[in-house]
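Visitor: Take this structure first; my questions come after.
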Amino acid sequence: MIKRIEKLISEKAPTAPKAFVTGYAKHIATTPAEPFEWAGDHDEGGDIELTLSAEEIIPFFEDAENFMKNEMPAILPKIVNSSAKVILKSLKTDWSAQRAHDEARMAQFRENLLLRWQDAFDTLRMIYTISVEMGGEMAKSRRRSTSKKNKVLNDTLLRLHARACQVTFEVVTLMENGLADGAMARWRTLHEIVVVAELLVKHGEEMAVRYRAHELVEAKRAMDRFVLFHEQLGYAPPSKRDVAETEKGYEAALNLYGDRFGSEYGWAAEYLKIKKPRMVDLEAAAGQAAMQSYYRMASYNVHASSKGIAFRLGLLDSEESPVMLAGASNAGFVEPARNTAADLIHITCLLAHGTARFDRMVEWQILIQLRDELSPKLDKAHRDLEKSHKAQMKFEAERRKVRGK
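For the sequence shown, the UniProt record's numbering assigns the number 1 to the initial residue and increments by one for each residue that follows.
Here it is as structure tokens:
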């Protein structure tokens, strides 16, 4: 539009300086109701005689408005797409160098992190390794056994223990890469596994059978959601046969165990005497009620609550800090490490319930001693970090004071 107005002015006042033409055209296009002032050389080009009418200018505005309303919406996506392609090509060209830079920074960060936390992390890794080995030995032993007593319970505990070991490895990996909040979120899963294992050991084979049968209820819930949203997800609908089989299994489970079995933790309803048990009820029944505060803390890192953006384990000054944590940090490992060690040892001991073998008792005692060594190591590393952090904050405050002077 400015170019068209410039052309009109040049035609009307051919001797007008170029700077005047450009400035006045921009003024008409952007602030036509305001006075126009030009600070150029008045002697340049002599006097300027210029008459512009509304009839001449208004079509330019109308054309521009029409372009913005009718043509620009079609053009803009093409421009965005082509621009993105050009920029993405450049990013891909530079990516190997950027990745090498990122990896070098992360390697340096991990090296600094482990200088402080290595001793504690190694202790937790030892607990993990011993627990995995004990689980493997017990799995072999039970595969060789011909006893049919507690067959479902023992198999379920082995599977829960294997999953607990995997979650523990995830926790350790996250902590060694500076992700304390993620580690705490994974501990939350480990805590749930331990609660379930504790209840199964407490109530025996029949509850284990119910727990495994509850997969039919979970399959029905998953199928119902998929039937509702498969089209939006871009998938074909499930076959009528699959839907019918899922429905049949669900109905059979409810007929066998009652309507309460259909709730989220319905496998425990009969034993807890609660129609729709919640995790908090399972925790209380398993003697884990004291861990509810930690469980809720971990939930901040699982759900999108406002507390989750205010409280971060990875920030020493968490709720007071203006810093927003978007990556790794060297803080916040005490709770996830301590809780993970305790729960992994707990479920490893539950796995060998009823066993009085000497070698098992020695292994349990080793795990307990390692757990007891872990807490002081974690506390020492955290105190050293806090001391270093306070010294850094004091230094920054003094530097700001000097700069102010």
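Glycine included, every Cβ here is placed at the ideal spot set by N, Cα and C.
Go through the segment 167 to 215 residue by residue and report every complete run of the alpha helix (DSSP H) that reaches 4 residues or more, in order.
Guide: For the segment 167 to 215, whole alpha helix (DSSP H) runs of length 4 or above, ordered along the chain, are 180 to 203, 205 to 213.
Visitor: Hey, how far is the Cα of A356 from the Cα of S141?
Guide: When rounded, the distance between both Cα atoms is 15 angstroms.
Visitor: Determine the direct distance from the alpha carbon of R399 to that of L179, and round the result to whole angstroms.
Guide: So the alpha carbons of these two residues sit roughly 30 angstroms apart.
Visitor: Quick one: residues in its chain with C-beta nearer than 7 angstroms to the C-beta of V280, no 5 flanking neighbours on either side, listed in chain order?
Guide: Once the five neighbours on either side are set aside, the close Cβ partners of V280 are Q292.
Visitor: By Cβ distance, which residues of its chain are closer than 7 angstroms to L174, with the 5 residues on each side in sequence left out?
Guide: Same-chain partners within the cutoff: G182, A183, R186.
Visitor: Could you spell out the range, first to last residue, of the alpha helix (DSSP H) harbouring Y294?
Guide: Note, Y294: alpha helix (DSSP H), 292 to 299.
Visitor: Is the Cβ-Cβ distance between A268 and L216 less than 9 angstroms?
Guide: No. Outside cutoff.
Visitor: When the Cα of C165 is compared with those of T189, S147, T146, K7, which residue comes out closest?
Guide: Cα-wise, what sits closest to C165 is T189.
Visitor: Can you list the alpha helix (DSSP H) stretches of 4 or more residues lying completely in the segment 233 to 296, in chain order?
Guide: Runs found: 240 to 257, 269 to 272, 279 to 285.
Visitor: Which one of K18, E133, V171 has the shortest CA to CA distance from G40?
Guide: Ranking the options by Cα distance to G40, first place goes to K18.
Visitor: Sort E71, F20, F67, P32 by Cα distance to D47 and report the nearest one.
Guide: That would be F20, whose Cα lies nearest to the Cα of D47.
Visitor: Taking the alpha helix (DSSP H) that K18 falls in, what are its first and last residues?
Guide: Looking at the DSSP string, the run of the alpha helix (DSSP H) that includes K18 is 18 to 30.
Visitor: Let me make sure I understand the geometry here. Which of L228, Y257, G234 has the alpha-carbon closest to that of V243?
Guide: Checking every option, the nearest Cα to that of V243 belongs to L228.
Visitor: To the nearest whole angstrom, what separates the beta carbons of L378 and H161, a pair I think is in contact under 8 angstroms?
Guide: With a Cβ gap of about 24 angstroms, L378 and H161 do not count as contacting.
Visitor: So, is G234 buried or exposed, given that buried needs 16 or more other C-beta atoms within 10 angstroms?
Guide: Flag for G234 reads exposed.
Visitor: Which two residues bound the contiguous alpha helix (DSSP H) that contains R383?
Guide: Start and end: 358 to 404.
Visitor: What's the gap between the Cα of E11 and the Cα of I57?
Guide: Rounded to whole angstroms, E11 to I57 spans 14 angstroms at the Cα level.
Visitor: Between residue 406 and A197, what straight-line distance do the alpha-carbon atoms span, to the nearest angstrom?
Guide: Residue 406 falls outside the range modelled here, since the chain spans only 1 to 405, and no answer is possible.
Visitor: Which residue's Cα is closest to the Cα of E238: L50, F226, L325?
Guide: Residue identity differs from the one stated: residue 238 is Pro in this sequence, not Glu. The option with the nearest alpha carbon to P238 is F226.
Visitor: Could you tell me how far apart the beta carbons of V172 and Y128 are, in whole angstroms, since I believe they sit closer than 8 angstroms?
Guide: Right, their Cβ atoms sit about 6 angstroms apart.
Visitor: Beta-carbon within less than 7 angstroms of L153's beta-carbon, same chain only, minus the 5 sequence neighbours each way: which residues are those?
Guide: Closer than 7 angstroms at the Cβ level, and outside the excluded window around L153, lie L200, G204, E205, A208.
Visitor: Count the other CB atoms within 10 Å of the CB of R260; is the residue buried (16 or more) or exposed (fewer)?
Guide: It is buried - the Cβ of R260 has at least 16 other Cβ atoms within 10 Å.
Visitor: Please report how far the alpha carbon of S131 lies from the alpha carbon of M361, in whole angstroms.
Guide: About 13 angstroms.
Visitor: Between the C-alpha atoms of I366 and H346, what's the straight-line distance to the nearest angstrom?
Guide: So the two alpha carbons sit approximately 13 angstroms from each other.
Visitor: Which word fits E37, buried or exposed, when buried means at least 16 other C-beta atoms lie within 10 angstroms of its C-beta?
Guide: Exposed: under 16 other Cβ atoms inside 10 Å.
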